[in-house]
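Scroll down for the structure; my scribbles are underneath it.
Numbering (the working numbering), first residue to last: 24 to 148.
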């Protein structure tokens, strides 16, 4: 029983340590130096999520995921009316996979593929 409690406590301690290095901020709180993003006034590359909101209506405007100072994971930007403007993935700071774009009315505008940050294939409209 004591071993089980020790394992559970260790698990939560590790989760807490990871959580201390991964948090939500605003894009305005980051600075970019040599293609790496840092939280202002720190020397450590940013890992976490940035979310920014429209000051006029409170709607979310953008959401980017970062790992070790590079965009990494899902990125999304919204129009001021709440419709998605674009959505795509980054891997180690480079566009990777499918990027989709929409018009303000929500209609699909284009789909584009990327590989290692470079366009891969034809635009789909």
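Even for Gly, the Cβ is constructed at its ideal location relative to N, Cα and C.
Segment contact, 8 Å Cβ cut-off, at least three pairs: the region 125 to 144 with the region 80 to 99: no
Where residue 108 falls: helix, strand or coil (DSSP): Here residue 108 refers to the residue found at position 85 when the chain shown is read from its first residue. Residue state, collapsed to three classes: strand.
Length at least 3, wholly inside the region 63 to 124: the beta strand (DSSP E) runs in chain order: 71 to 76, 83 to 90, 93 to 101, 107 to 114
From 50, 116, 55, 108, residue whose alpha carbon lies closest to that of residue 74: As a first step, residue 74 is located in the chain shown; it is residue number 51 there, counting from the start. That would be 50, whose Cα lies nearest to the Cα of residue 74.
7 Å CB neighbourhood of residue 143 in its chain, flanking five on each side removed: Translated into the one-based positions of the chain shown, residue 143 becomes position 120. Result list for residue 143: 136, 137, in chain order.
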